[in-house]
Amino acid sequence: MPKMLPTVVGNLVSKPATRPHPYKRREAFVRARGRIIFDISRCIFCGACALRCPAGAIRVNRAEREL
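Going by our numbering, the final residue of the sequence shown carries number 94, and the count climbs one at a time with no gaps.
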């Protein structure tokens with residue numbers, strides 16, 4: 028417990044480590060990939076988007092041609 032005391036006191040008097048969200052909008056980085064735009068008219072239902080989605084939020088049904 029005594030080893031934690033300096034850390035606890037330091038955190039109590041310092042500024043927060045995070046920025047207020049969503050009150051301050053953050054500017055995009057220069058090399059940011061940008062906004063994801065989905066255009067169903069250009070989709071060939073290959074499933075590449077579903078494979079690359081890190082959250083697994085995209086599912087492609089090739090038989091019924093729907094996302």
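For every residue, glycine included, the Cβ atom is placed at its ideal position computed from N, Cα and C.
Since this is a predicted model, take the numbers as computed values, not measurements.
Report the option in the options whose CA atom is closest to the CA atom of residue i.
| i | options | result |
| --- | --- | --- |
| C73 | K30, M31, E93 and H48 | E93 |
| A75 | M28, V87 and R52 | V87 |
| I63 | I71, C80, V57 and H48 | C80 |
Between residue i and the rest of its own chain, which residues show a CB-CB distance below 7 Å, the 5 nearest in sequence each way excluded?
| i | result |
| --- | --- |
| S68 | none |
Skipping 5 residues on each side, what residues in its chain have a beta carbon closer than 8 Å to that of residue i?
| i | result |
| --- | --- |
| T34 | none |
| R53 | R46 |
Assuming residue i contacts residue j under a Cβ cut-off of 8 Å, what Cβ separation, rounded to an integer in Å, is found between them?
| i | j | result |
| --- | --- | --- |
| A77 | I71 | Contact flag wrong, Cβ pair sits at about 13 Å. |
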